[in-house]
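Here's the structure we're looking at; comments come further down.
Protein chains in written order, with full-length UniProt numbering: chain A, 1 to 204; chain B, 1 to 204.
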């Protein structure tokens, strides 16, 4: 698939997972793509926890339900009504969950390019996530990033060391379809901004 | 270009910029790719400042030289010698610089998916940067991410408001080549880690 087709076809998937198995060679290509991302000082500070265990996914799903309610309680009127109709995760329906983490000590203590901006290590992990997302889209798999969770809960659930930060819980697997329009736009939550509004020349 | 070819061909470019102009249609496709990235709550919290002005680029380059010296002063022995031979930016030689920023207020106050993890907005900006990087690679352009700078300096230089955070200074333009091996590995700074060491199953 052409890279622009992939970039524009990619969606944050919640409701369309079929639960069918992911072909092993496709998963290998997707993980190798993530691992080929750029990273500050070539630190490659990411790890990937592949979560199949239904008990672990069930426990995470229950936690996310609680956090969904926490967010819902902050909304009023129209926003509350719109949010009530939006599915925010496919943890149980997707074929696999992949938790991506950040190790700030990897490649240290002197990480080339990180002395002035500590967050650049975290940025690297996100670049790996986008590689993963695009490769999965090219394999006709869906990806949904779940962020309705508390990091300490996820750390305890997976036995992640205190020094490592979980960055994302990704639901991955075959999907019935990729929608043309993002879920949140289809559900009236928010409309996409024109690119022209995001461009500046030489000065803000 | 096939997406896997792009992902594995992509490099962080410093020394290979030719300075030739970027075709306008290629730049349009690259920026549209960045803007098509996923974002928490569809907030699209990024902006892109296209910096052509030689005076602005010169001032930034001088600042980066100072920060390079700051980092160099933390190194000892072999590391100091290796770092001395590594070019860390192509600010003056590349055709265009693109500064990517993060607006935490975009789409607020209740950004869907951000109540539990404030950094998810910042993560979105990084996903846009990786889209930009891959699209540029497909256009046979090089990209180099410069992170040897202090955010307040860059904010003042470009007149970026206090509420907006600069995330990256990207050097972009035609290149003589994309090396097969990352610069930092070619220069003996650090070797890439095998993917197998980054994989965990069900539990850390």
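Ideal placement from N, C-alpha and C gives every residue a C-beta, glycine not left out.
Amino acids of chain A, ordered along the chain, whose beta-carbon sits closer than 8 Å to that of residue i
{"i": "residue 107/B", "result": "190"}
{"i": "residue 4/B", "result": "29, 33, 135, 138"}
{"i": "residue 81/B", "result": "Those within 8 Å of residue 81/B in chain A number zero; the least Cβ separation is about 13 Å."}
{"i": "residue 96/B", "result": "None at all; the shortest Cβ gap to chain A is about 11 Å."}
Limits of the alpha helix (DSSP H) - the one that residue i falls within
{"i": "residue 133/B", "result": "120–138"}
{"i": "residue 152/A", "result": "151–158"}
{"i": "residue 62/B", "result": "54–72"}
{"i": "residue 83/B", "result": "77–84"}
{"i": "residue 91/A", "result": "It is not in any alpha helix (DSSP H) - residue 91/A carries neither H nor E in the DSSP assignment."}
{"i": "residue 112/A", "result": "Residue 112/A -> no alpha helix (DSSP H), and no H or E assigned at all."}
{"i": "residue 33/A", "result": "24–35"}
{"i": "residue 186/A", "result": "183–186"}
{"i": "residue 177/A", "result": "Neither: residue 177/A is in no alpha helix (DSSP H) and is coded neither H nor E."}
{"i": "residue 6/A", "result": "3–9"}
Contact set between residue i and chain A, taken where Cβ atoms lie within less than 9 Å
{"i": "residue 17/B", "result": "Chain A residues near residue 17/B: none, gap ~16 Å exceeds 9 Å."}
{"i": "residue 123/B", "result": "122, 123, 125, 126, 129, 145, 147, 167, 168"}
Residue i - containing beta strand (DSSP E), residue span
{"i": "residue 193/B", "result": "Neither: residue 193/B is in no beta strand (DSSP E) and is coded neither H nor E."}
{"i": "residue 47/A", "result": "46–51"}
{"i": "residue 143/A", "result": "141–146"}
{"i": "residue 96/A", "result": "96–102"}
Whether residue i touches residue j by CB criterion (7 Å)
{"i": "residue 97/A", "j": "residue 21/A", "result": "no"}
{"i": "residue 49/A", "j": "residue 99/A", "result": "yes"}
{"i": "residue 33/A", "j": "residue 135/A", "result": "yes"}
{"i": "residue 190/B", "j": "residue 31/A", "result": "no"}
{"i": "residue 159/B", "j": "residue 204/A", "result": "yes"}
{"i": "residue 113/A", "j": "residue 167/A", "result": "no"}
{"i": "residue 164/B", "j": "residue 120/B", "result": "no"}
{"i": "residue 3/A", "j": "residue 13/B", "result": "no"}
{"i": "residue 117/A", "j": "residue 171/A", "result": "no"}
{"i": "residue 175/B", "j": "residue 17/B", "result": "yes"}
{"i": "residue 37/A", "j": "residue 87/A", "result": "no"}
{"i": "residue 130/B", "j": "residue 193/A", "result": "no"}
{"i": "residue 178/A", "j": "residue 9/A", "result": "yes"}
{"i": "residue 195/A", "j": "residue 201/B", "result": "no"}
{"i": "residue 46/B", "j": "residue 128/B", "result": "yes"}
Within chain A, partners of residue i - CB distance below 7 Å
{"i": "residue 93/B", "result": "Ordered by position in chain A, no residue passes the 7 Å Cβ test against residue 93/B, which lies about 18 Å from the chain."}
{"i": "residue 209/B", "result": "With chain B running from 1 to 204 in the structure shown, residue 209/B is simply not present."}
{"i": "residue 141/B", "result": "Within 7 Å Cβ-Cβ: nothing; residue 141/B doesn't reach chain A, min ~13 Å."}
{"i": "residue 238/B", "result": "In the structure displayed, chain B extends from 1 to 204; residue 238/B sits before or after that span and is not available."}
{"i": "residue 84/B", "result": "What residue 84/B touches in chain A: nothing, since even the nearest Cβ is about 12 Å away."}
{"i": "residue 90/B", "result": "Neighbours of residue 90/B on chain A: none; closest Cβ ~14 Å, over 7 Å."}
Chain-ordered chain B contacts of residue i [CB-CB under 9 Å]
{"i": "residue 202/A", "result": "49, 50, 51, 52, 53, 56, 158"}
Partner residues on chain B for residue i, Cβ-Cβ distance less than 8 Å
{"i": "residue 149/A", "result": "116, 117"}
Any non-hydrogen atom of the ligand MG within 6 Å of residue i CB
{"i": "residue 64/B", "result": "Looking at this structure, you won't find the ligand MG or any other ligand, since it has none at all."}
7 Å Cβ cut-off: residues of chain B touching residue i
{"i": "residue 110/A", "result": "74, 75, 79"}
Where the region 153–184 of chain B meets chain A: residues whose CB sits under 8 Å from a CB there: For the region 153–184 of chain B, the set of residues with a beta-carbon nearer than 8 Å to any beta-carbon of chain A comprises 158, 159, 160, 161, 164, 167, 168, 182, 184, in chain order.
Proximal residues, the region 37–68 of chain A versus chain B, C-beta separation under 8 Å: 37, 38, 40, 41, 42, 43, 44, 46, 47, 48, 49, 50, 51, 52, 53, 56, 67
- prompt: Is the region 60–71 of chain B touching the region 149–157 of chain B in the sense that three or more CB pairs, one from each, lie closer than 8 Å?
  reply: yes
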